[in-house]
Structure formats: C-alpha cells, structure tokens
Amino acid sequence: MHGVFVSSAYLHGRKFEEPWEMLRDACSGRGVELRRMSNSELAVPVGDPDLRRMLGDPDFVLFWDKDTVCAANLEMCGMRVFNPSECIRVCDDKALTHLALSRAGIQSIETVVCPMSYGGCDDPDFVSRASTIVGFPMVAKDRFGSFGQQVRMVSNENELRNLISGPYVPRILQPYIECGGHDVRVEVVGGRPIAAMSRTAPPGDFRSNASIGGTIAGHVPDDEESELAVRACEAVGADFAGVDIIRTPDGPVVCEVNSNAHIRNLLDCTGIDAADAIVDHVISEVRGRGPAGSSTTAGTW
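Per our numbering, the very first residue in the sequence shown carries number -11; after that it's consecutive.
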C-alpha cells in the first residue's frame, strides 16, 4: 500500500513540517510508503485523466492543506482523499462550520455572519442590529484563518464599525463567553476520541492557541465532551479532526472543528501520537473494513 501526503508549497517552518514527519513515520512503521507532494505540483488541468498515473496510482491521499479545489480535483480523478475536500472546505470556513453544526443540532456558539459585500460593510443598520443580537464584548473572527491570528475582541459599536468598514473581509461575530481563557481540544479519529488537551490563554489574552503563547496540558474528556466532539466530526464529514470545545453555564459548546489540527502539540502533552490512529484508520478504510478498531493509541488516557 502507498499514499501521497499533500502540503502547501507556500507554508514553511517546523509546525508545517511536523505533521508530515509524524505521518510518514507512522506509515513506515506499518509498511506503507508515503510520498510527499505540494499543491503547486498538483496544479494540473481539472479532471486530468493522467493525474492518478502520474502519482503512481496511490491507494490514498492524506491532504494536509486547505487548497480545497486541489483536493476536489484529486477526488475527481478517482483518488480517495482524507479528509474529503468538502470536509476541508466546511472546516476552513467558520461560517460553514457553524451552519453544519446547527443543521445537525449540535451545541455551538451563537454566530452572526457578516453580510457579503463588494466593498466595505458600512451599513449602520447592520452594525446596530449585530450589536443588539450579539452584545458586547463580542469576538470577531475572519472566516478563513488559523492559529488564532485573525480573531479579535470588539468592545463597542464604534470598534465594530471601524473593523468592518475597511476592505471586505468575510467574518463572523460571536458573543464573548467568559471561560477563563480556557478550552479543550478533542482529537477524533474514525468516530472515536483518541486524545485531548486543555489549552489556556496567556496572560492578557483571551485566545488559547499554543502558537501565540497559550499553555497546553493533557486532558481526559468527560462523556459530554467526547460525544459532542464525535458528533461535530460527523456533522462536517471528517475522518479525523481536532474539535475545540468551551464550557458555558449551559454546558459545553463547539467553538471550531479543525480538519488538520496540529498533532505535534497533542503528542507533546499527552504522549499519544494521533498519526498512528490516523494511519490505522486510513488503512482500514482503504481495505474496506470500516473504521479501525485496534489502533495502538485508541482509548489511551
């Protein structure tokens, strides 16, 4: 068995190399060859019948990027892609994520999607209406973004007006939920939670991402968190994902679903290598046996 690992040609640094190295090693330990290619190398005519042959007729593709058109083209050419292109598209767009969660009846943060605009969103009625619905403080998030870089706290109508009046950026608005800067990420693979970590924001910030200074620690999710994470993955069609959950007075809610969560941090704080479970799941799916049932990491808390 052999597969292809697809990454971005334009993202560099250790945090982008680590998933490749972990998944390559997990494949190697199972006698599976994994070849690496970039989305740039796969920029071929849509539906190119020779693409599968060019890649050596792989059994699967591990798609570790957000180039959803590239992923969809691989699927069109007859390849099995993990995660599927539609899952990546839904997870990458925070508005689509919350639509999918809401459609499935899953508890998530109340979300207002800023209206699409061909310039700035200088509609005072929208600013007033959003302020009333969401309230202050509110959290404004770019719909496309990672590592907490495009997340901002908004304290009043004037700040909101200034934020959205510039060049159009697709955004969502959510009420700020006081949780002490703390959330939980549960990694789900093949419909089972395999590991989890708690994340705490650095002093003076409300974002818990480790990449901006948040601290992480191993966590044992309770039944409610585990069930919520599994249902969230089902809602977005993920074979594997990291589901971010925060606690509210009414119970846990889903904040985000990450179709290619950073699995190195999870290993560092739990000792559990999600790459093992991901590769076991992929092998099982490709061989037609359904979800893996004997991953070396499954259920290890």
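For each residue, glycine too, the CB sits at the ideal point set by N, CA and C.
Query	Result
By DSSP, does Glu21 sit in helix, in strand, or in coil?	strand
Leaving out five residues before and five after Asn61 in sequence, what residues of the same chain have Cβ atoms less than 6 Å from its Cβ?	Val34
I need the DSSP call for Lys82, collapsed to helix, strand or coil.	helix
For Pro163, does the three-state DSSP call read helix, strand or coil?	strand
Measuring CA to CA, which of Arg41, Val174 and Glu222 is closest to Gly66?	Arg41
State the start and end residues of the unbroken alpha helix (DSSP H) segment that holds Asn248.	No alpha helix (DSSP H) contains Asn248, which DSSP labels as neither H nor E.
Could you check what DSSP says for His170 in three-state terms: helix, strand or coil?	strand
Ignore the nearest five residues each way along the sequence and tell me which others in Thr85's own chain have a CB closer than 7 Å to its CB.	Val78, Cys79, Val224, Glu244 and Val245
Mapping the DSSP letters down to three states, classify Thr203 as helix, strand or coil.	strand
With distances taken between CB atoms, is the gap from Gly179 to Val218 smaller than 8 Å?	yes
What alpha helix (DSSP H) runs, 4 residues minimum, are completely inside the region 19 to 58?	39 to 42
Secondary structure at Phe132, three-state DSSP: helix, strand or coil?	coil
To the nearest angstrom, report how far apart Leu148 and Pro112 are at their CA atoms.	10 Å
Got a sec, what are the start and stop residues for the beta strand (DSSP E) Pro181 sits in?	Arg180 to Thr188
State the start and end residues of the unbroken beta strand (DSSP E) segment that holds Arg235.	Phe228 to Thr236
Quick one: measure Cβ to Cβ for Met(-11) and Val20, integer angstroms, because I've assumed they're closer than 8 Å.	5 Å
Since Arg140 is in the beta strand (DSSP E), which residue starts that stretch and which ends it?	Val139 to Val142
Report, in whole angstroms, the separation of the C-beta atoms of Ser247 and Asn71, which I expect to be a contact under 8 Å.	5 Å
Based on Cα-Cα distance, which residue from Val69, Pro181, Asp268 and Arg68 lies nearest to Ser16?	Asp268
Could you check where the alpha helix (DSSP H) with Phe4 kicks off and where it finishes?	Arg2 to Ser16
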